[in-house]
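Everything below concerns the one structure shown next.
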Amino acid sequence: MSKETEQVTDRIKSAYHTSKNIYDDVLTQGSVFSRLYIRFFWSGTDDNEIAEKVLSYIPDDFDGRLLDVPVGTAVFTEKKWKGLKKAEIICLDYSEDMLDKAKDRLNYYENISFVQGDVGKLPFEDASFDTVLSMNGFHAFPDKKKAFLETNRVLKKGGSFIGCFYIKGKSKRTDWLVRRILTKKGWFTPPFLTEESLHNVLHKLYSEVECHIDGSMAFFKCKK
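Each residue of the sequence shown is one higher than the last, beginning at -4 in the working numbering.
If you want it as structure tokens, here you go:
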């Protein structure tokens, strides 16, 4: 890892350490302030609804091997993962603070394990997962090319890559927020994909692509 990349990843880790106590509230719109923030800066896009749509791509009787990267605090996935009792679920995050929050929610389930690691260098063998999920992660990853290649590498042929994240070019207000505040705080890391560039990447890596746009958020399901 280069010195520049180390500095970026350290800044990301620090940012998620400072935000660990407000992260869930903002994403789930648990307060009046967070609802106003979403309405003004994110055009009212509801992360709860997007999470529900993304997770609906995973069958309720899924019994394969699943990688959740980054798991974050598991605020959206907790209920779903608890119901997948026959699946093997591995939750990975670069931030130890986020991982600790996820453990608080899911640590009592024998089929769920936790790994602190880097999406740019996943500690797993090729073609070792049936499904890879990445919710709200790619806009924070410092090396998005490596992240796309690594999540593809560990996915089995015929497996599903599912996720959602911010894309630029859909709202000047959102793009301003990301550029002037969220990036400087370390929560988001450029360069950011547009709808067109996201489609190009996904179609190069996957045989089937289903992609939707909601405000400045893209959510998708791809088949390898």
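We treat Cβ as the ideally placed atom computed from N, Cα and C, and that holds for glycine.
Keep in mind that this is a model prediction, so the values were computed, not measured.
Start-to-end residues for the alpha helix (DSSP H) that takes in T146: The sequence position of residue 146 within the sequence shown is 151, counting from 1. Start and end: K139 to R148.
So, helix, strand or coil for H134, using DSSP? By 1-based counting over the sequence shown, the position of residue 134 is 139. The answer is coil: DSSP assigns H134 none of H, G, I, E or B.
Proximity of V196 and S155 at Cβ, strictly below 9 Å: Here the question's residue 196 lines up with position 201 in the sequence shown. Here the question's residue 155 lines up with position 160 in the sequence shown. Contact flag unset, no.
Decide if the stretch 72 to 80 is in contact with the stretch 88 to 107; the criterion is three or more beta carbon pairs, one per stretch, under 8 Å apart. Result yes; three or more Cβ-Cβ pairs closer than 8 Å.
Can you give the Cα-Cα distance for G158 and I45, rounded to whole angstroms? Locating residue 158 in the sequence shown gives position 163, where the first residue counts as 1. Locating residue 45 in the sequence shown gives position 50, where the first residue counts as 1. C-alpha separation (whole angstroms): 10 Å.
Which ranges does the beta strand (DSSP E) cover as unbroken runs of at least 3 residues, wholly within the stretch 58 to 136, from first to last along the chain? 60 to 63, 83 to 88, 107 to 111 and 124 to 130
Spatial neighbours of G67 within its chain, please: C-beta separation below 6 Å, excluding the five flanking residues on both sides. Taking the sequence shown and counting its residues from 1, one reaches residue 67 at position 72. So the qualifying residues of the chain are M93.
If you draw a straight line from the C-alpha of M212 to the C-alpha of V173, how long is it? In the sequence shown, counting from the first residue as 1, residue 212 sits at position 217. In the sequence shown, counting from the first residue as 1, residue 173 sits at position 178. Spanning the two alpha carbons is a distance of roughly 12 Å.
Taking Y89 as the reference, give the member of F160, A142, K167 and D209 with the closest Cα. Residue 89 sits at position 94 when you count from the first residue of the sequence shown. Comparing Cα positions, the closest option is A142.
Is it right to say I85 is buried, meaning 16 or more other beta carbons lie within 10 angstroms of its own, or is it exposed? The count along the sequence shown starts at 1 and reaches residue 85 at position 90. With 16 or more Cβ atoms within 10 Å of its Cβ, I85 is classed as buried.
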